[in-house]
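Structure record follows, encoded as structure tokens.
Residue numbers (my numbering): 1 to 667.
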């Protein structure tokens with residue numbers, strides 16, 4: 001039987017002992033400490049009860065009741081961790097860049113010149129070949145930092161969104177690649193390899209110390225800026241998201257407007273109409289843009305003049321047709337028809353060549369095309385406005401020249417029938433002539449007569465060197481002459497008179513004076529035209545008549561006239577007279593004509609009051625018998641009389657139904 005003392009000594013009483021010890025500790029607490037402890041526990045109980053109430057309210061609100069506006073705003077901040085991380089790491093990158101710049105000397109000191117081959121190999125083995133010679137990348141980083149610093153200074157007073165430009169600029173900085181692990185392994189291997197190297201046995205302590213200290217400084221820097229490129233580029237989006245969130249919380253955001261799009265079923269007719277409208281809008285826009293160009297303005301002006309131009313507008317352009325339509329001394333339109341050259345004919349027609357010009361034989365292009373049996377040419381000429389009522393030197397209209405012959409081959413007869421159908425088809429239709437192209441002032445060839453003021457001429461040549469000449473050539477367009485107070489040009493020189501007969505534009509000396517003061521007047525030559533010319537004491541008003549006649553290629557003045565010269569050898573003006581006669585349709589005979597080879601009562605077409613045989617003499621031979629010819633076949637002139645005959649431009653057209661041919665056999 002155990003005693004009470006044995007029970008107290010037993011192991012089961014240990015728990016009671018512990019309880020008694022705790023009780024003694026509690027009883028030993030002073031009254032003041034007990035009060036403090038009790039107060040502390042009461043406060044803890046209040047905290048616990050408050051947290052329980054909050055948890056209960058939150059659980060009930062989220063699960064059973066719709067969230068109020070404040071709760072919605074708090075819960076609307078999605079991706080908070082990502083946004084905070086982006087801002088933090090972007091800012092951290094700038095701090096790392098600043099640290100790298102402050103340690104730029106250490107970075108520049110890390111170069112292959114101070115590093116043994118073993119260490120360079122270590123860098124390459126770790127996948128950091130850039131560390132073998134990082135100087136170029138370091139210099140780039142330094143330059144990028146300085147550039148970034150300038151950008152930061154320029155935007156430091158701007159708004160928060162504008163300041164995000166610094167992150168966008170920093171996104172282009174590469175730095176040096178390399179993780180902390182890679183740099184740590186390089187650091188360890190540097191020490192191991194240099195200690196083991198026999199090459200640096202005598203200097204190993206110094207080398208180990210210098211290289212280790214340098215790399216420790218570099219190792220602490222985060223130089224791999226390229227890894228943050230994506231975050232830096234999105235920094236503006238991050239900042240914008242944060243600003244929008246806080247604007248919404250504090251009531252600074254604008255009320256959102258929701259647009260509800262109503263789908264309307266469109267019919268194919270509406271779609272087609274819209275497509276056509278858009279197409280024409282684009283087309284009109286392109287046409288308007290083309291109209292702003294120099295060539296476009298000229299094109300549209302010609303189109304407008306073609307439909308709405310007045311006769312005087314055409315006349316202003318046709319004044320230059322003698323020069324515009326002439327190529328290598330030949331009328332381009334007439335030459336194309338004669339040579340049966342359709343491309344050249346079309347080119348001349350589209351350029352606005354004067355379509356009703358006569359050749360030196362007294363036929364228009366339409367007469368020639370009809371006579372040669374070219375249906376295609378006939379139709380082209382009619383469509384471009386050729387006058388079908390004009391008479392040739394035989395008083396025949398173009399249609400009357402269709403070359404029917406009972407002995408014709410079937411092919412030729414078919415062409416003649418086709419031409420006849422073309423005339424019938426367009427019998428009651430009228431066509432407009434193409435509006436002539438502009439004859440630019442840059443194509444002028446201006447000759448100044450010796451009678452003009454020398455000083456004025458020299459100044460004019462200096463002012464307009466590209467369009468002036470002091471030589472008489474075949475391509476002269478303007479001849480500047482001196483006139484008297486009445487505007488009359490007086491001369492007895494046949495070479496100057498030849499310019500009048502060839503249709504050159506004769507202008508007054510005042511034109512040069514005014515052009516020196518205002519260059520634009522070079523294109524207003526029509527204000528300075530000479531209208532009257534004085535020869536042998538007589539004033540003739542035919543200068544403009546000759547200019548217009550040659551410009552439009554009217555019926556040649558001497559067509560049907562056979563001319564013979566009765567001059568002594570070496571007559572000075574023989575060549576000029578010959579050229580004048582040939583240019584105006586006259587035929588120069590090589591020997592004196594005998595009447596039996598010519599038809600009696602025949603006449604030159606425009607001079608029905610004169611005989612067809614023109615005899616030009618120098619007065620050294622008695623020609624009385626020819627002057628008094630009973631059949632009036634001869635018309636005798638000396639040089640002065642012939643010039644007066646030309647200047648008078650006295651026309652007596654042969655209006656008989658069938659004019660008599662001058663030469664026998666020319667019927």
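Ideal Cβ placement from N, Cα and C applies to all residues, glycine included.
Extent of the continuous alpha helix (DSSP H) run through residue i
i           : result
residue 643 : 639–648
residue 501 : 494–501
residue 416 : 410–425
residue 367 : 365–372
residue 455 : 454–463
residue 377 : 375–383
residue 627 : 624–627
residue 315 : 311–318
residue 334 : 332–338
residue 543 : 543–552
residue 344 : 342–350
residue 304 : 294–308
residue 321 : 321–324
8 Å Cβ cutoff met for residue i and residue j
i           : j           : result
residue 449 : residue 496 : yes
residue 610 : residue 586 : no
residue 576 : residue 498 : yes
residue 645 : residue 580 : no
residue 325 : residue 336 : no
residue 668 : residue 395 : The displayed coordinates of the chain run from 1 to 667. Any statement about residue 668 would go beyond what the structure contains.
residue 398 : residue 367 : yes
residue 562 : residue 642 : no
residue 536 : residue 492 : yes
residue 303 : residue 370 : no
residue 390 : residue 364 : yes
residue 636 : residue 617 : yes
residue 566 : residue 612 : no
residue 654 : residue 608 : yes
residue 481 : residue 506 : yes
residue 434 : residue 560 : no
N- and C-terminal bounds of the beta strand (DSSP E) containing residue i
i           : result
residue 448 : 446–448
residue 506 : 505–508
residue 617 : 613–617
residue 562 : 562–566
residue 287 : Unbroken run through residue 287 is the alpha helix (DSSP H), 268–291; no beta strand (DSSP E).
residue 582 : It is not in any beta strand (DSSP E) - residue 582 instead sits in the alpha helix (DSSP H) that spans 574–583.
residue 488 : 488–490
residue 532 : 532–535
residue 481 : 478–481
residue 538 : 538–540
Straight-line gap, residue i to residue j (C-alpha atoms, nearest Å)
i           : j           : result
residue 299 : residue 329 : 28 Å
residue 521 : residue 508 : 13 Å
residue 582 : residue 510 : 33 Å
residue 483 : residue 504 : 16 Å
residue 650 : residue 544 : 14 Å
residue 414 : residue 421 : 11 Å
residue 656 : residue 388 : 19 Å
residue 150 : residue 141 : 14 Å
residue 105 : residue 135 : 11 Å
residue 631 : residue 436 : 47 Å
residue 432 : residue 357 : 16 Å
residue 301 : residue 378 : 28 Å
residue 199 : residue 152 : At residue 199, the pLDDT of 49 sits below 50, so the modelled position is not reliable; the number obtained from the coordinates is stated separately. Each residue's Cα considered, the two are about 49 Å apart.
residue 340 : residue 626 : 43 Å
residue 512 : residue 294 : 28 Å
residue 468 : residue 444 : 8 Å
residue 313 : residue 568 : 50 Å
residue 297 : residue 640 : 50 Å
Any non-hydrogen atom of the ligand NAD within 7 Å of residue i CB
i           : result
residue 378 : As for the ligand NAD, it is missing from this structure, which has no ligand bound.
Interface flag, residue i vs chain C, CB-CB below 8 Å
i           : result
residue 536 : In summary, chain C is missing from the structure at hand, where a single protein chain is found.
Under 8 Å, with one C-beta from each stretch per pair, do the stretch 537–551 and the stretch 311–320 reach the 3-pair mark? yes
So, do the stretch 526–538 and the stretch 483–492 have three or more beta carbon pairs nearer to each other than 8 Å? yes
Contact between the stretch 405–422 and the stretch 449–460 (3+ Cβ pairs under 8 Å): no
Validate contact between the stretch 340–360 and the stretch 461–471 using beta carbons, cut 8 Å, 3 pairs: no
Decide yes or no for the touch test of the stretch 597–606 against the stretch 563–578: beta carbon pairs closer than 8 Å, at least 3 of them. no
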